[in-house]
Structure formats: structure tokens, C-alpha cells
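Here the structure comes first, spelled out in C-alpha cells, and everything after it is commentary.
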Amino acid sequence: MQSFYPEQFEREMGCTEAEWLRWLPAAVGDHHWKLHTGAAGVRIGDGALGLKWQVGEDRVIALARMPRLLVQFRFGGLDDAQRYAFMKRFDLYMQRGGG
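So for the sequence shown, this note's numbering puts the first residue at 997; every next one is plus one.
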């Protein structure tokens, strides 16, 4: 988890589009959101988050293959604290792996 989230940034997610779409509703929580092809819009109070994604080529390490989803985040009308509060929950819901 980060300590700061700029208004615009990109991420490489290690998941398929189908997995992303399954996880997205829980990650946005109670916020109203609308799904489009390869994109989604999320209302966050008086502001918003625009998400766009595209499937990338699998990452290959020896015999292991990991899917990649390239995701763009664009916030509008939210200050640093509001972006942080939203992304803190979002990141927890999107986090995968063991530890």
C-alpha cells in the first residue's frame, strides 16, 4: 500500500480481465459505479475515478506465466486524503497472495 496516490497513475495488475471484473465490485464498495467495455466510472462523493484497462501480454518467467492487465487510474475532484481513503480499501480488496 502506498502513502500517496496522485490524480493519475498506471498499474500493471497480475490478473485476467475476468478476475478483475469479479473483484471490482467489492473493491469499490458502496460507491456507485458503472461498467463500460474496458473501462469503469466510480462516483466518490463529489468526485470520481475513471478506470481504463487493457489486457497485456503474459509475463513469462521460465515455465511460469502470469497474466497482465494494464490499468489507468484517473481521479477528478478529490483531494489527497480522499484519494488515499478510497485506494486504501481498493488495494486491500485487490491484494492477492500469501504471507
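All residues carry an ideal CB built from backbone N, CA and C; glycine is no exception.
For residue 1034, the closest of 1022, 1057, 1050 and 1023 by C-alpha to C-alpha distance is 1050. Sequence-distant partners of residue 1009 (beyond 5 residues in either direction) whose C-beta falls short of 6 Å from its own C-beta, in its chain, are 1065 and 1067. In the structure shown, residue 1087 falls within a helical segment according to DSSP collapsed to helix, strand and coil. Taken atom to atom, the span from the alpha-carbon of residue 1061 to that of residue 1083 is near 27 Å.
In the DSSP assignment, residue 1058 falls outside any beta strand (DSSP E) and carries neither an H nor an E. Annotation: residue 1046 to residue 1086 spans about 14 Å, alpha carbon to alpha carbon. When the Cα atoms are used, residue 1023 and residue 1076 turn out to be separated by approximately 19 Å.
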